[in-house]
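Undergrad:
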Amino acid sequence: MRAVHVNAYGPPEVLEPGEAAAPTAGAGEVVIDVEYAGVNFAEVMFRRGQFEIGVPHVPGLEAAGTVREVGAEVTGLAPGQRVAALTLAGGGYAERVVAPAALTVPLDDSVPSDLGAAFPCNVTVALGLLRDAARLQDGESVLVTGPAGGVGTAAAQIARRMGASAVYGVTSSADKAAYASDFGYDHVFTYDDLVGQVAERTGGTGVDVLLDAVGGPVRREAMDLLALFGRHIVFGDAAREDAEFTGVGLWSSSRSVGGYNLGAMVGARPDLARRRLLEAAGLVSEGAVRIDVTAFPLAEAVKAHELLETRRSTGKYVLSTR
């Protein structure tokens, strides 16, 4: 079968189209004939070697297509069924992928397969961030880094449904700010004097929740952006510039820092991960969460990674095996 391989850590050009052995389903697993695979920034980080997951490997943390084979002990899924899946062990950038049955959900007829590949990571993460990590309450305010990306566009819409009083974003360009505004943001800030801008918008109180996938200046200024009892939730490190927080600083400010990682949730609470994935599928099929999907051929994975890595992307990228 066709697949895209990472044979060495490095720039996007290390993504090499080639052939791979077709997978088989073990107990509790399904094999999916992939129509589309989602592209995520985590795969950029894996490709660069920030997390040494091993080479060679086939990237791809989510996919949509048709069930080809079911393993032992699998119920509720059958060959020929249209599905979307989290494939956190990788392998999605291929014509077939093996996925845990527990993290594979049926696709409604109203959901095309490109959209099916666009939600398992991003919408599930947005739900986990807001419901489980930040525990957003009705009437609270939210500030999101990367508001024009897959998680950012979903987070704004979900925060609105959860009763957020205001949803803000912060990005580096006017074009991305305008794009993000179409997904429910009250205002999208630039990075210039972010603390001052947030203070002006919030009457000096700050925001209740900061969702931070970027790091850099936002992470360093987090305590000055948050309201009393505000929560700074870290779920990425795109800028590759971390920050340090002291126990005394958190104690004296009455603010907190937390983290969210989808893989960690799957490992520790697979039941919760499945619940959030099913919730994500429902929101997408109902049209309650809108996703702007751009598809590239599987052979153009390099281009998709280049755009994502250089922050020139908006919405959600997927790769087509067709």
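The sequence shown maps to residues 291 to 612 in the numbering used here.
For glycine and all other residues, C-beta sits at the position ideal for the given N, C-alpha and C.
1) Between S431 and I322, what straight-line distance do the alpha-carbon atoms span, to the nearest angstrom?
2) Based on the DSSP output, what are the partners of T356 in its beta bridges?
3) What is the rounded straight-line gap between the Cα of G268 and the Cα of T414?
4) Going by Cα to Cα distance, which pick from L417, G361 and Y299 is closest to G565?
5) Please determine if the region 423–438 and the region 484–502 are in contact, where contact requires at least 3 C-beta pairs separated by less than 8 Å.
6) Report yes if the CB atom of L540 is closer than 8 Å to the CB atom of V508, and no otherwise.
7) Suppose you measure from the CA of R545 to the CA of Y299; what does that come to, to the nearest Å?
8) Which whole runs of the beta strand (DSSP E) in the region 457–492 are 3 residues long or more, in chain order?
9) Go through its chain and collect everything with a Cβ distance to N412's Cβ below 7 Å, but skip five positions before and after it.
10) Measuring alpha carbon to alpha carbon, tell me which residue in A570, A389, A533 and A391 is nearest V401.
11) In the DSSP assignment, find the unbroken beta strand (DSSP E) run with P410 in it and report its ends.
12) Assuming the contact rule is C-beta atoms closer than 8 Å, H295 and P369 should be a hit. Round their C-beta distance to whole Å, please.
13) Taking Cβ positions, are L568 and L588 nearer each other than 8 Å?
14) Check the C-beta distance from V497 over to A517 and give it rounded, since I have them as a contact under 8 Å.
15) Do the region 345–364 and the region 377–385 meet, that is, are 3 or more Cβ pairs less than 8 Å apart?
16) Could you give the uninterrupted runs of the alpha helix (DSSP H) lying entirely in the region 529–588, keeping only those of 4 residues or more?
17) Does V388 come out as helix, strand or coil in the three-state DSSP assignment?
18) Taking just the CA atoms, how far does A578 sit from V538?
19) Between the alpha carbons of A454 and L397, how many angstroms are there, rounded?
20) Applying the criterion that 16 or more other CB atoms from any shown protein chain within 10 Å of the CB defines a buried residue, is E303 buried or exposed?
21) Verify whether the separation of the beta carbon atoms of A389 and A375 is less than 8 Å.
22) Taking the CB atoms as reference points, tell me whether K466 and T600 lie closer together than 8 Å.
23) Compare the Cα-Cα distances from A312 to each of G557, A327 and R292 and report the closest residue.
24) Taking the continuous beta strand (DSSP E) assigned at D502, which residues delimit it?
25) Under 7 Å Cβ to Cβ from V324, same chain only, skipping five residues before and after it: list those, please.
26) Between which residues of its own chain and E531 is the CB-CB distance below 6 Å, once the five residues before and five after are set aside?
27) Return the CA-CA distance between Y326 and D404, expressed in angstroms with no decimal places.
TA: In brief:
1) Reading the sequence shown from its first residue, position 141 is the one you call residue 431. Reading the sequence shown from its first residue, position 32 is the one you call residue 322. Using only the alpha carbons, I get a separation of about 40 Å.
2) The sequence position of residue 356 within the sequence shown is 66, counting from 1. D323 and R372.
3) Residue 268 falls outside the range modelled here, since the chain spans only 291 to 612, and no answer is possible.
4) Against the sequence shown, residue 565 aligns to sequence position 275. Going by the sequence as given, residue 565 is Arg instead of Gly. Cα-wise, what sits closest to R565 is L417.
5) When C-beta atoms of the region 423–438 are compared with those of the region 484–502, three or more pairs fall below 8 Å, so the two segments count as touching.
6) As a first step, residue 540 is located in the sequence shown; it is residue number 250 there, counting from the start. As a first step, residue 508 is located in the sequence shown; it is residue number 218 there, counting from the start. The answer is no: Cβ separation not under 8 Å.
7) Mapped onto the sequence shown, residue 545 falls at position 255. Mapped onto the sequence shown, residue 299 falls at position 9. Using only the alpha carbons, I get a separation of about 38 Å.
8) Complete beta strand (DSSP E) runs here, min 3: 477–479.
9) Numbered from 1 along the sequence shown, position 122 holds the residue referred to as residue 412. Hits under 7 Å: G440, V441, A444 and K606.
10) The sequence position of residue 401 within the sequence shown is 111, counting from 1. Taking only the C-alpha atoms, the option nearest V401 is A570.
11) As a working note, residue 410 is residue 120 in the sequence shown. That residue, P410, is in no beta strand (DSSP E); it is neither H nor E in DSSP.
12) Your numbering for residue 295 matches position 5 in the sequence shown. Your numbering for residue 369 matches position 79 in the sequence shown. Going by Cβ atoms, the distance from H295 to P369 rounds to 27 Å, so no, they are not a contact pair.
13) Looking up residue 568 in the sequence shown gives position 278. Looking up residue 588 in the sequence shown gives position 298. Contact: no.
14) Counted from its first residue, the sequence shown places residue 497 at position 207. Counted from its first residue, the sequence shown places residue 517 at position 227. About 6 Å separates the two Cβ atoms, so the contact holds.
15) yes
16) 537–543, 552–558 and 560–576
17) Indexing the sequence shown from 1 puts residue 388 at position 98. Three-state result, V388: strand.
18) Position 248 of the sequence shown, counted from the first residue, corresponds to residue 538. Position 288 of the sequence shown, counted from the first residue, corresponds to residue 578. Approximately 42 Å between the Cα atoms of the pair.
19) Numbered from its first residue, the sequence shown carries residue 454 at position 164. Numbered from its first residue, the sequence shown carries residue 397 at position 107. CA-to-CA, the gap between A454 and L397 works out to about 29 Å.
20) Position 13 of the sequence shown holds residue 303. Result: exposed.
21) Residue numbering aside, residue 389 sits at position 99 when the sequence shown is read from its first letter. Residue numbering aside, residue 375 sits at position 85 when the sequence shown is read from its first letter. Taking 8 Å as the Cβ cut-off, A389 and A375 qualify as a contacting pair.
22) As a working mapping, residue 466 is identified with position 176 in the sequence shown. As a working mapping, residue 600 is identified with position 310 in the sequence shown. No; because the gap between Cβ atoms is not below 8 Å, this pair is not in contact.
23) One-based indexing of the sequence shown puts residue 312 at position 22. Here the closest residue by C-alpha is R292.
24) Here the question's residue 502 lines up with position 212 in the sequence shown. D502 -> beta strand (DSSP E) spans V497 to D502.
25) On the sequence shown, residue 324 is found 34 positions in, with the first residue counted as 1. Taken in chain order, the residues that qualify are A353, G355, G382, A384, E385, R386, V387 and T611.
26) Against the sequence shown, residue 531 aligns to sequence position 241. Here the set comprises G505 and G506.
27) As a working mapping, residue 326 is identified with position 36 in the sequence shown. As a working mapping, residue 404 is identified with position 114 in the sequence shown. In a straight line, the C-alpha of Y326 is about 6 Å away from that of D404.
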